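Going by my numbering, the letters in the sequence shown line up with residues 103 to 495, in that order.
Think of the CB as a built atom: it goes at the ideal place given N, C-alpha and C, for glycine as much as any other residue.
As the structure is a computational prediction, the values presented were derived from the model and not from experiment.
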Amino acid sequence: MNKQSKSMLIKKGISSFSLVGNTKINDYSFTIDKPSKSSDWIYNSLNLGVDCGNGNVVYSSLMGGYGANRNNICYVHGKDKNGKPNYSNTFQIDWEDRFNQNILDNIASDCFIKVGLEKDSKGQNFIKYFLSPYDAIAYIKEHLSSDTVVRVNGNLQYQYYRSLNEIKVNKNITSIYLSKAEPKDFKAAFVQTILLDSDSIGKPEKDSNTIPIYAYVVDYVNKFNDQQIKQNVVIPKTFELEINEDKPEQFTKFTNNFFKVKKKNSVDSIVVEGEFNEGMSINTATLDDLPEDIISLIDCGYLTKEEALAKYTTGQKDRKMIIKRPYIKKSTAPDNDNSPTLSLIKETDKYSLDDLVFLENLLEKQAPEPYNEAEINKDDSNDAEWLKSLGLD
């Protein structure tokens with residue numbers, strides 16, 4: 103099997119987030135009915151900040167629209183007799199029918215954006231379902247104010263920006279609900295399938311008290327720089343592990359057991375859970391960082407050392423994804439006695455390094471035949487029990 107066809111079998115796996123905290127809404131949070139400068143596209147967008155505790159404000163987004171001079175459609179899939187998604191039953195909904203309940207009843211739940219920002223007569227969240235982000239955003243704008251405690255769930259999307267040599271992690275909203283959580287329960291959590299090789303464990307970094315984990319994630323790329331890609335690609339992504347200084351032997355055992363790949367050309371897969379840390383990092387300057395002419399001003403008494411160092415001390419948004427542990431799946435025992443079973447989702451020697459296809463492998467080459475993105479990326483984790491355990495139902 104050649105490399106390109108083998109890559110079709112590499113699935114994205116689980117890639118989800120959940121934010122709980124106070125909303126931070128400003129004049130730039132919503133864009134409503136914005137016309138595109140280059141086409142007939144009219145769109146709404148949402149860039150929502152959530153303070154997940156201790157000033158850790160994490161942003162997630164939603165965007166969608168329609169063409170003013172075209173026949174707009176929504177792409178959806180159906181459900182089986184048990185109500186679960188049926189990815190082989192795909193069809194299209196006319197834009198004008200996106201609120202037609204008779205049609206919506208036949209569409210799988212995961213096609214909708216779920217919004218629970220109103221209470222019913224019993225004080226419970228009243229959930230509204232939207233096929234289009236365009237409509238969901240307009241509704242959210244009318245019903246959400248700043249400093250409201252919410253739970254925001256969604257999917258992570260990884261994008262490579264060649265000009266910046268940077269991997270950007272987009273948090274795409276799939277649901278938002280009012281929450282009764284107290285500050286002690288605020289969180290900025292993710293669950294992610296990662297791929298590891300024999301060089302994934304980095305060297306300890308004393309300043310941050312962490313070990314970098316040089317992993318890979320898998321994501322679907324439709325187009326890159328106007329070139330059709332239309333398949334899953336492997337994207338390098340660095341995560342971090344916090345060092346347990348109090349129990350160094352246990353920490354070493356932990357990293358070796360779950361993140362060390364024994365074979366040189368082998369790639370292991372594991373699902374991990376962790377936290378986003380998107381606070382400010384401060385780079386504190388010292389006298390050694392100052393130019394000679396600035397030192398001269400200090401020596402002459404025209405500038406104090408404190409004033410000079412303050413000018414050279416900078417702060418920047420520090421976006422980290424910190425792995426806390428392997429994700430533990432809870433499910434019901436096969437004998438149906440309702441007793442829970444716990445398991446890790448880890449596969450040793452799942453791929454070889456030769457199986458991995460990176461974006462640069464596909465650029466300027468003929469794109470493969472398009473395939474059903476939802477079908478290739480579906481995962482057993484999409485069942486209701488698992489989503490509920492993740493807080494993503």
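How long is the line joining the alpha carbons of residue i and residue j, rounded to whole angstroms?
i      : j      : result
SER383 : ILE209 : Residue placement at SER383 is flagged as unreliable, the pLDDT there being 47, under the threshold of 50; the coordinate-derived value follows with that caveat. Looking at the two C-alpha atoms, the distance is approximately 45 Å.
LEU305 : LEU464 : Checking the sequence, you will find Lys at residue 305 rather than Leu. Their backbone Cα atoms lie some 32 Å apart in a straight line.
SER117 : GLU198 : 32 Å
TYR322 : TYR262 : 12 Å
PRO55  : GLN203 : Outside the displayed span of the chain (103 to 495) sits residue 55, for which this structure offers no information.
GLY155 : LEU446 : 29 Å
PHE348 : ASN272 : As written in the sequence, residue 348 is Asp, which differs from the Phe given in the question. Cα to Cα, ASP348 sits roughly 35 Å from ASN272.
ILE345 : ASN174 : 51 Å
LYS426 : ILE278 : 24 Å
GLY185 : LEU343 : 39 Å
GLN106 : VAL459 : Reliability of the predicted coordinates at GLN106 is poor, the pLDDT of 45 falling under 50, and the value obtained from them is presented with this limitation in mind. Going by the C-alpha atoms only, they are around 7 Å apart.
TYR189 : ILE195 : 15 Å
ASN100 : ILE275 : In the structure displayed, the chain extends from 103 to 495; residue 100 sits before or after that span and is not available.
LYS362 : GLU268 : 25 Å
PHE353 : GLY115 : 27 Å
GLU487 : LYS113 : A caution first: GLU487 carries a pLDDT of 49, below 50, which makes its placement in the model too unreliable to give a value.
GLU388 : VAL336 : Residue 388 is actually Thr in this sequence, not Glu. Distance between the alpha carbons of THR388 and VAL336: 40 Å.
VAL374 : GLU408 : 44 Å
PRO393 : TYR318 : 40 Å
ASP237 : ASP309 : 46 Å
GLY151 : ASN324 : 27 Å
SER163 : GLY256 : 9 Å
ASN128 : SER248 : 8 Å
LEU461 : TYR453 : 17 Å
GLY123 : VAL159 : 9 Å
SER398 : ALA412 : 17 Å
THR312 : TYR161 : 24 Å
PHE341 : LYS270 : 13 Å
GLU351 : LYS332 : 45 Å
ILE430 : ILE400 : 57 Å
HIS179 : SER234 : 14 Å
LYS286 : GLU307 : 29 Å
Run through DSSP, which three-state label would residue i get?
i      : result
ALA317 : strand
CYS402 : coil
PHE288 : coil
LEU389 : helix
TYR236 : helix
LYS407 : helix
ASP395 : helix
LEU505 : Residue 505 is absent from the structure shown; the chain starts at 103 and stops at 495.
SER441 : coil
SER120 : strand
ILE112 : coil
SER300 : coil
TYR429 : coil
ASP199 : helix
LEU458 : coil
GLN451 : Note on identity: in this sequence residue 451 is Asp, with Gln being the wrong assignment. If DSSP states are grouped into helix, strand and coil, ASP451 belongs with the strands.
GLU268 : strand
ILE242 : helix
SER163 : strand
SER211 : helix
LYS126 : strand
LYS413 : helix
State the start and end residues of the unbroken alpha helix (DSSP H) segment that holds residue i.
i      : result
TYR263 : First-last for TYR263: 251-263, but that is the beta strand (DSSP E), not the alpha helix (DSSP H).
THR357 : 350-360
Let me know if residue i comes out buried or exposed under the rule of 16 or more other beta-carbons within 10 Å of its beta-carbon.
i      : result
THR192 : exposed
PHE201 : exposed
CYS402 : exposed
ARG253 : buried
THR125 : buried
GLN226 : exposed
ASN334 : buried
LYS432 : exposed
LEU258 : buried
GLY157 : exposed
TYR177 : exposed
May I ask which residues mark the beginning and end of the beta strand (DSSP E) holding residue i?
i      : result
GLN333 : 329-344
LYS136 : 132-137
ILE215 : 215-221
ASN204 : Per DSSP, ASN204 belongs to no beta strand (DSSP E); it is in the alpha helix (DSSP H), 203-206.
GLY180 : 175-181
SER368 : 368-379
GLY151 : 143-153
PRO306 : Premise fails: PRO306 is in no beta strand (DSSP E) and is neither H nor E.
Does the distance between the C-beta of residue i and the nearest non-hydrogen atom of the ligand FAD fall short of 7 Å?
i      : result
SER163 : The model depicted lacks the ligand FAD and carries no ligand whatsoever.
Would you check if there are 3 or more beta carbon pairs closer than 8 Å linking the stretch 298-317 to the stretch 366-377?
yes
Between the stretch 136-143 and the stretch 167-184, do three or more beta carbon pairs fall short of 8 Å?
yes
Do the stretch 242-254 and the stretch 208-227 meet, that is, are 3 or more Cβ pairs less than 8 Å apart?
yes
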